[in-house]
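Here's the structure, in structure tokens; my notes come after.
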Amino acid sequence: MGKIGARSAALLAVILTAGAAAGCSGTKPPDQTGVCYHMIERKDGHLQFNTLAENVPNIETCAQKLEIMRLQFLRLGGTRTSITGAYQGQFIWLEKRGVSVSQSLDGIQYALLKRMPDGSLAIPSAVPQP
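Take the position in the sequence shown, starting the count at 1, then add 10; the result is the number in our numbering.
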């Protein structure tokens with residue numbers, strides 16, 4: 011029984027370690043209804059989600075609130091031109107080209123809003139094609 015117990019314990023340790031490693035790569039954003047978050051990657055590699063606004067009706071409004079925050083930081087002398095947020099289980103990236111969303115950090119990002127030449131954001135289908 012001692013050998014079986016030791017083997018079982020070793021196997022359990024391997025399974026738990028693999029599960030923990032898999033959990034790190036599949037980080038999920040908060041999915042609380044109507045809450046818009048600003049995400050920060052801490053120096054220790056962990057993600058921190060700070061509540062930016064509550065009772066937010068949709069992901070576009072959350073993106074707008076994140077854009078306002080980004081612009082306010084720039085006006086205060088900040089240099090960060092891109093930020094990350096989350097809304098109802100989706101990550102939101104605000105970047106130079108526009109706003110994209112994904113359900114995972116390393117997943118495919120889909121365009122939500124496109125940045126116009128004047129810096130404003132618009133739905134991609136509303137942007138005239140050359």
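A virtual CB, placed ideally from N, CA and C, is assigned to each residue, including glycine.
Asked	Found
Where Ile118 falls, given that 16 or more other Cβ within 10 Å makes a residue buried	exposed
Local conformation of Lys75 per DSSP, three classes	helix
Under the three-state DSSP convention, the category Ala121 falls into	strand
Distance between beta carbons of Leu104 and Leu86, contact taken as under 8 Å	Their Cβ separation, rounded to whole angstroms, is 17 Å, which puts Leu86 and Leu104 out of contact at 8 Å.
In DSSP terms, what Gly95 is bridged to	His48, Ile102
Local conformation of Leu86 per DSSP, three classes	coil
Reduced DSSP category for Leu81 - H, G, I as helix; E, B as strand; rest coil	helix
Sequence-distant residues of its chain with Cβ nearer than 7 Å to Ala132 (five each side left out)	Leu123, Lys124, Met126
8 Å Cβ cutoff met for Ile69 and Tyr97	yes
Helix, strand or coil at Ser135 [DSSP, three-state]	helix
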